[in-house]
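Trainee: Before we start, here is the structure in question, set down as structure tokens.
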Amino acid sequence: MRFKSFFIFFSFLFLLISCKKENVDEETEVSKGEGNIIFKFSHKADGNDIKYDTLMYINAAGNHYMINEIQYFISDVTLYKSTGEKLLIKADKDIHYVDIDISSTLVWNVYDKIPEGSYDSINFIFGIPGNKNIPYMFVNPPESNMFWPYFLGGPNGGYHYLKLNGKWLNANGVVTPFDFHLGVGQIYAGNVPVVDSIVGYIQNYFTVSLPNSSFNITNGQVMEIQIVMEVQNWFNNPVYDHNVYGSYTMQNQQAMQSIKDNGNDVFSIGYFKVL
638 MRFKSFFIFF SFLFLLISCK KENVDEETEV SKGEGNIIFK FSHKADGNDI KYDTLMYINA
698 AGNHYMINEI QYFISDVTLY KSTGEKLLIK ADKDIHYVDI DISSTLVWNV YDKIPEGSYD
758 SINFIFGIPG NKNIPYMFVN PPESNMFWPY FLGGPNGGYH YLKLNGKWLN ANGVVTPFDF
818 HLGVGQIYAG NVPVVDSIVG YIQNYFTVSL PNSSFNITNG QVMEIQIVME VQNWFNNPVY
878 DHNVYGSYTM QNQQAMQSIK DNGNDVFSIG YFKVL
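Heads up: the sequence shown is residues 638 to 912, going by this note's numbering.
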């Protein structure tokens, strides 16, 4: 009987200690603190909001041009902490679609909880990495409309990274459409761009390191971060000339390489704002 009493007493004591430890752990977890971030996407030309469908812009090659559509994917957004840690945004989705004609895509309410602290920088991949760029993973528009033909991309080239469509005044003074597209490139036997002569593929996605992207976030805080695309920079360094590359960039790796190379300074931070 005495043994049974001791057993009950120590069992109760063990449960009491366990519950107390669990409560301490919960309190410690809460004390770490978490916030949320919202990305807002903005698009400019010469530092001002774009005026679409108007032949008013001049690029570094001297082409007079207009913009009609801008659609693209970003993926693998990563926050780098001052401690050396990094946080990959992935809780609900790690690929985000942006379309200037669909206002809901211009705001990304990130589901991930962001641990409070100081962050040194923000990186993301422009486009979709090859191991994730799987054909037919998007079955509904608008994302499905970004499909990259399978015969031009293979199993790791499912979707365009970018569609920037417009028109330019060509060398003959004729207003001519252009499809400034970026996706998986091809290597052709004999350098002849015929589908049957494809011998390899080139992944043209690239990493964007946003300048001046350090920020602090505290427990319960919602941080709005504006990411700005400067369209003119797609054509500046190296100089991209529509009269050289023509109306279409698909199946033209030289043109797409120029787009990729220009992408290093296209994006910047517009602002950080606590909501």
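From the three backbone atoms N, C-alpha and C, an ideal C-beta is built for every residue, glycine too.
Just so you know, these numbers come straight off a predicted model, no measurement behind them.
Report the rounded CA-to-CA distance for residue 719 versus residue 746, giving the unit in angstroms.
Mentor: Using only the alpha carbons, I get a separation of about 24 Å.
Trainee: Look up residue 708 in the DSSP assignment and give the residues it is bridged to.
Mentor: For residue 708, which the question treats as bridged, DSSP gives the partners 736 and 800.
Trainee: Specify, as a first and last residue, the run of the beta strand (DSSP E) that residue 783 falls within.
Mentor: Residue 783 -> no beta strand (DSSP E), and no H or E assigned at all.
Trainee: In this structure, how does DSSP classify residue 724 when only helix, strand and coil are distinguished?
Mentor: Three-state DSSP puts residue 724 in a strand.
Trainee: DSSP three-state label for residue 789, please.
Mentor: Correct three-state label for residue 789: helix.
Trainee: Can you tell me the Cα-Cα spacing of residue 741 and residue 826, whole angstroms?
Mentor: If you take the alpha carbons of residue 741 and residue 826, they lie about 43 Å apart.
Trainee: Does the stretch 684-704 come close enough to the stretch 765-778 that 3 or more CB-CB pairs lie under 8 Å?
Mentor: Output reads no: the stretch 684-704 does not touch the stretch 765-778.
Trainee: Once you ignore the five residues that flank residue 733 on each side, which residues in its own chain have a CB closer than 6 Å to its CB?
Mentor: Result list for residue 733: 711 and 745, in chain order.
Trainee: From this set, 871, 849, 868 and 874, which residue's C-alpha is nearest residue 862's C-alpha?
Mentor: Comparing Cα positions, the closest option is 849.
Trainee: What are the boundary residues of the beta strand (DSSP E) that residue 845 is part of?
Mentor: Looking at the DSSP string, the run of the beta strand (DSSP E) that includes residue 845 is 843-847.
Trainee: Within the same chain, show all residues whose beta-carbon is closer than 6 Å to that of residue 882, passing over the 5 residues directly before and after it, in chain order.
Mentor: Result list for residue 882: 892, in chain order.
Trainee: How big is the Cα-Cα spacing for residue 834 and residue 828?
Mentor: Residue 834 and residue 828: Cα-Cα distance of roughly 9 Å.
Trainee: Cα separation between residue 721 and residue 856?
Mentor: Straight-line Cα distance between these residues: approximately 20 Å.
Trainee: Using 10 angstroms around the beta-carbon of residue 725, count the other beta-carbons present and answer buried if the total reaches 16, otherwise exposed.
Mentor: Exposed: under 16 other Cβ atoms inside 10 Å.
Trainee: Is residue 904 buried or exposed, if buried means 16 or more other CB atoms sit within 10 Å of its CB?
Mentor: With 16 or more Cβ atoms within 10 Å of its Cβ, residue 904 is classed as buried.
Trainee: Ends of the alpha helix (DSSP H) at residue 891?
Mentor: Taken as a continuous stretch (DSSP letters only), the alpha helix (DSSP H) holding residue 891 covers 890-899.
Trainee: Using only alpha-carbon positions, find the residue among 715, 842 and 889 that is nearest to residue 793.
Mentor: Taking only the C-alpha atoms, the option nearest residue 793 is 842.
Trainee: So the candidates are 762, 695, 671 and 677; which of them puts its Cα closest to the Cα of residue 846?
Mentor: Cα-wise, what sits closest to residue 846 is 762.
Trainee: Considering only the beta carbon of each residue, do residue 838 and residue 820 sit closer than 8 Å?
Mentor: Not in contact: residue 838 and residue 820 (Cβ atoms no closer than 8 Å).
Trainee: Please classify residue 865: does DSSP put it in a helix, a strand, or coil?
Mentor: Three-state DSSP puts residue 865 in a strand.
Trainee: With 16 as the cutoff for other CB atoms within 10 Å, does residue 684 come out buried or exposed?
Mentor: The residue in question, residue 684, is exposed, as its Cβ has fewer than 16 Cβ neighbours within 10 Å.
Trainee: Take every Cβ of the stretch 800-812, pair it with every Cβ of the stretch 752-771, and state whether three or more of those distances are shorter than 8 Å.
Mentor: Too few Cβ pairs lie closer than 8 Å, so no.
Trainee: Among 874, 779 and 880, whose alpha-carbon lies nearest the alpha-carbon of residue 804?
Mentor: Ranking 874, 779 and 880 by Cα distance to residue 804 puts 880 first.
Trainee: For the beta strand (DSSP E) that residue 836 lies in, which residues bound it at each end?
Mentor: It spans 835-839 - the beta strand (DSSP E) in which residue 836 sits, taken as one unbroken run.
Trainee: Kindly give me the distance between the Cβ atoms of residue 705 and residue 802, rounded to whole angstroms, as I take these residues to be in contact under 8 Å.
Mentor: That pair is a contact at about 5 Å.
Trainee: Hey, could you find the ends of the alpha helix (DSSP H) residue 881 is sitting in?
Mentor: Counting along the chain, the alpha helix (DSSP H) containing residue 881 begins and ends at 879-882.
Trainee: Check the C-beta distance from residue 707 over to residue 737 and give it rounded, since I have them as a contact under 8 Å.
Mentor: Indeed they touch by this definition, with Cβ atoms about 5 Å apart.
Trainee: For residue 716 and residue 759, I'd like the C-alpha separation in whole angstroms.
Mentor: Spanning the two alpha carbons is a distance of roughly 5 Å.
Trainee: If we call anything under 8 Å between Cβ atoms a contact, is residue 770 one with residue 796?
Mentor: Yes; because the gap between Cβ atoms is below 8 Å, this pair is in contact.
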